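Novice:
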Amino acid sequence: MPDGFTGQFYMQIQNAENPTLGQNGQGVCGVVLHFDHEYVGDLQITLTSPAGQSVTLVGPIGFFGETDFTTWNITFVPCGDPASPDPGFNDVWSNNQPWGLFGNYFGSYYPAVGCLENFNSGPVNGQWTLTVIDGQAIDVGNFYNYEIIFCDPSGINCFSCAANAGNLLQPDVVACEGSPSLDLNLPPTYTPPASPPPASEYGYTYVVGGTGGVIQGYEPDANLSNYPPGTYTVCGLSYLLANAGDLPQPDGSLTVQQLAAQLNSTTPPFCGKVTTNCVNVTINPLPPDIEEFQSICAPQCYQFYNQTHCQSGTYTQTLMQNGCPFTATLHLTVNQPNFVTVNETVCPGSCSQTPGFENACGQGTYIETFTNVNDCDSTVTLNLIEMSIITNIVSPPPQLSCNLPSVQLSGVGSSTGPGVSYLWTASNGGNILGSPNGISATVNAPGDYQLRVCRTMGFVTCCDSVSATIIGNQDLPDAPVAVTGPTVLCPGEAASYSVASVANAASYNWTAPVGVMIDAGQGDTTIAVTWNGSAGGNVCVTAVNACGESAPVCLNVQLNSLPVQAEITGDSSLCAGTNGSYTILAVNGADSYVWTIPAGGTILSGQNTTSIEVEWANAPGGEVCVAAENACGAGPEDCYTVSVFEQPVANAGADNATCSLSTALSGSVSVPGSSGQWTALPGPGNAVFSDASSPQSNVTVNPSGIYTFVWTESNSICADADSVTIAFNDPPITGTVTHTCDGANQNYTVSFAVSGGTPPFVAAGGSFSGNVFTSDPIASGQSYSFVVTDA
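Under numbering that gives the first Met the number 0, the first residue of the sequence shown is numbered 0, with each subsequent residue one higher.
(1) What's the C-alpha gap between GLN11 and THR19?
(2) Using only alpha-carbon positions, find the residue among VAL487, GLY471, ALA493 and CYS489 that is nearest to ALA502.
(3) Tell whether a beta-carbon distance below 8 Å holds between VAL498 and VAL556.
(4) Kindly indicate the opening and closing residues of the alpha helix (DSSP H) around VAL255.
(5) Using 10 angstroms around the beta-carbon of GLU645, count the other beta-carbons present and answer buried if the total reaches 16, otherwise exposed.
(6) Determine the burial state of PRO694: buried for a count of at least 16 other Cβ atoms within 10 Å of its Cβ, exposed for fewer.
(7) Report yes if the CB atom of PHE772 is closer than 8 Å to the CB atom of SER754, and no otherwise.
(8) On the DSSP bridge assignment, give the partners of ASP376 in chain order.
(9) Report yes or no: do the segment 309–325 and the segment 260–269 share at least 3 C-beta pairs separated by less than 8 Å?
(10) Who are the near neighbours of PRO228 in its chain, counting only those whose CB is closer than 7 Å to its CB and skipping five residues on each side?
(11) For the structure I just gave you, are there three or more beta carbon pairs, one from the segment 34–47 and one from the segment 129–140, closer than 8 Å?
(12) Using DSSP bridges, identify the partner residues of GLY202.
(13) What three-state label does DSSP hand SER180 in the structure shown?
(14) Counting Cβ pairs closer than 8 Å, one from the segment 292–307 and one from the segment 319–338, do we hit at least three?
(15) Counting only beta-carbon atoms, is ASN391 nearer than 8 Å to chain B?
(16) Please give the ranges of any beta strand (DSSP E) in the segment 710–747, keeping only runs that are unbroken, at least 3 residues long and fully inside the region.
(17) Would the segment 198–216 count as touching the segment 244–261 if we require 3 or more Cβ pairs under 8 Å?
(18) Please look up how many angstroms separate the CB atoms of LYS272 and ALA164, rounded, as I've assumed it's under 8 Å.
(19) One question on the structure: do THR380 and THR332 come within less than 8 Å of each other, judged by their Cβ atoms?
(20) Excluding sequence positions up to five away, which residues of its chain have a Cβ less than 6 Å from the Cβ of VAL623?
(21) Can you tell me whether VAL39 is helix, strand or coil according to DSSP?
(22) What's the call for CYS631, buried or exposed, on a 16-neighbour Cβ count within 10 Å?
(23) Using three-state DSSP, classify ALA243 as helix, strand or coil.
(24) How many Å lie between LEU558 and THR525 at the Cα?
(25) Give the single residue among THR45, PHE62 and THR608 whose Cα lies nearest to the Cα of ILE147.
(26) If you count every other CB in all the chains shown that lies within 10 Å of the CB of GLY24, and 16 or more means buried, which is it?
(27) By the DSSP assignment, the beta strand (DSSP E) with GLY51 in it spans what residues?
(28) How long is the line joining the alpha carbons of LEU246 and ASP220, rounded to whole angstroms?
(29) Does DSSP put ASN117 in a helix, a strand or coil?
(30) Is it the case that the Cβ atoms of SER439 and SER409 are separated by a distance below 8 Å?
(31) Taking all protein chains shown into account, decide if ASN124 is buried (16 or more other Cβ within 10 angstroms of its Cβ) or exposed.
(32) Distance, Cα to Cα, ASN337 vs THR368?
(33) Does the beta-carbon distance from GLU16 to SER153 come in below 8 Å?
(34) Tell me the rounded alpha-carbon separation between THR609 and CYS717.
(35) By the DSSP assignment, the beta strand (DSSP E) with ILE431 in it spans what residues?
(36) In this structure, how does DSSP classify THR210 when only helix, strand and coil are distinguished?
Laid out in structure tokens, this is it:
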């Protein structure tokens, strides 16, 4: 155990028939340690079960005295069993005892911390770990062996896994794919006292991890020359040869870290150890060879992998990328520029049609730089020439007239010579006589004329044109637009007619029907006429100039006459205060109708129409007349006699009452000369008039009661009625008179019953009880008289 040593010693237990600690009497009944150390106070030794329960056997660490050349082959026993420590030492182990120099100890002790009984749960089978720590400086020692004694050893098969992969201290490797340097030389390094396990029992290989540490394979010689490009981790693996078949095959998921953790667990899948230090290996892919073809234009040069080339040729370089060689080849072509001169003729004001010179306008020399087929500059010089061309029509052009039906247009002054052509065209009514291809042209109609002059030089034709307008007066004037004036006249009526002025007209020719006199204006735009003809007709006019007369335009004029007499129908007899209606048939040619009525009447509606409504306020009426009118005046009048009678207002007098069966009526008449008649409405009995036609007639009824009489007053067709109501009452009648004297015969009273009449009854000098009257006391011998009045 070197100074500062910390190590773990494993013991693999399997096949225990009593497999559970703390059950069925199973447990740890002893631990044997064999070691030496120059200073036992440096040591702490702890035993850990597969379930993780631990007991510290040796300790504590401290400065307790030197123990050079002292050896311990001691046994630890359960705390419940008797201990047999070496003479002079405690039952419980402690480093802080006088162990001294050159000693040999063989006693039994209780653990320094805890008891062996603490191993009371978990499996027996699995990996038991003895951890040895040298916790202080300077001194060293040796650990020879240890033994675990189980309380029930039945079936137990144990061994100590001595696998030790050491450490791979080599630097990381970067190499190219397939490089011989990938046949790695990675011998493990063991730091004393660690040493390789026996080669006869243990094998050694290298586990290769790829992305994420996933195991790619096992390489006994660490040869990765056949591995594809990538990043790998190479770790050493020491394993028991007897367990070689238990090495897990790569499955695409198990990582090197997971395998190491499994082997370091209390239940490793096999006896083996993975180095804690591994070598990272980066395999770079071989870069492909480069072959490049380039064309450049002189005087340019081309930079190819830090070398400059200015001449055509093939250039080859061997280069390195990530330490891997590849070949770069350049095939270079150096092209030369071109120089070209172009001549072009264009029309005046035009620009070049040569590609690339579209903005070259106007005669001159232009230079542009282009790219040729080899993508090199090509300098082109353009000599641009403008062709000369002149067009002209001699001005002013002649005018056409009725006396000059054709004229000649001259193009003198226009370009002449080889390659020159002429073309005359007409528009807006113009017309060309003869050939249009000469320098002059003959025309015979007003309009617009154009001369187009073209010149051809080589393959270029340029043209220019000029226009002129020919005017003339060869047309008949247009017909006047319309004749304005009255369209209806009366016989002998004067009127005027006119038209708007017409362009190019010198005069105007008017015509009218037979018998119509044109009094003034013939030849002018307005005439005055007197319509003496017997019928209507057309007033016409034409426009006239030197070339002739236009088509006529006419206005139809009708001759009117007075309307005929109308015939009235309507109400002929009416009462005052009523309305009458009067109608005529429409009169042909009439525009309106004028109605007249006598005093006492008012036209309510219909004036100027064929029907009127008249209100007759008073008698006696009179003539209702009407005349039809038109523009020529009023026709003959027709009259209709209407009689209007006063409307009587009947008055039968005031209602009345009488105590008799006969009375005089008090009616009256409202219209002098009118007549009247009394009638009785059905009542209680019969009524007889002394003179029914007299408003003051007497009337007698039988029996009594309430009667109604009607007085009707008549005035020709007009009548009115009024009624009066009269009550004919029965008079009261006294019965037998009874006299009653008082006891002293000084006074007496009178009493009698009343029949008929209408109660209640009253009489002065007494009172009634019902219909029986009793007088006040009357002195004896005095007479009496009573008047009875009913209701």
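Quick reminder that beta carbons are idealized off the backbone N, C-alpha and C, glycines included.
In this text the structure is predicted, and so the values were computed from the model without any measurement.
Specialist: Let's see:
(1) 15 Å
(2) GLY471
(3) no
(4) 255–262
(5) buried
(6) buried
(7) no
(8) THR370
(9) no
(10) GLU176, ILE282, ASN283 and PRO284
(11) yes
(12) TYR238
(13) helix
(14) yes
(15) Looking at the structure shown, chain B is missing, and only one protein chain is on hand.
(16) 717–727 and 737–740
(17) yes
(18) 5 Å
(19) no
(20) TYR581, ILE596, TYR639 and VAL641
(21) helix
(22) buried
(23) helix
(24) 21 Å
(25) THR45
(26) exposed
(27) No beta strand (DSSP E) contains GLY51, which DSSP labels as neither H nor E.
(28) 17 Å
(29) helix
(30) yes
(31) buried
(32) 10 Å
(33) yes
(34) 29 Å
(35) 430–432
(36) helix
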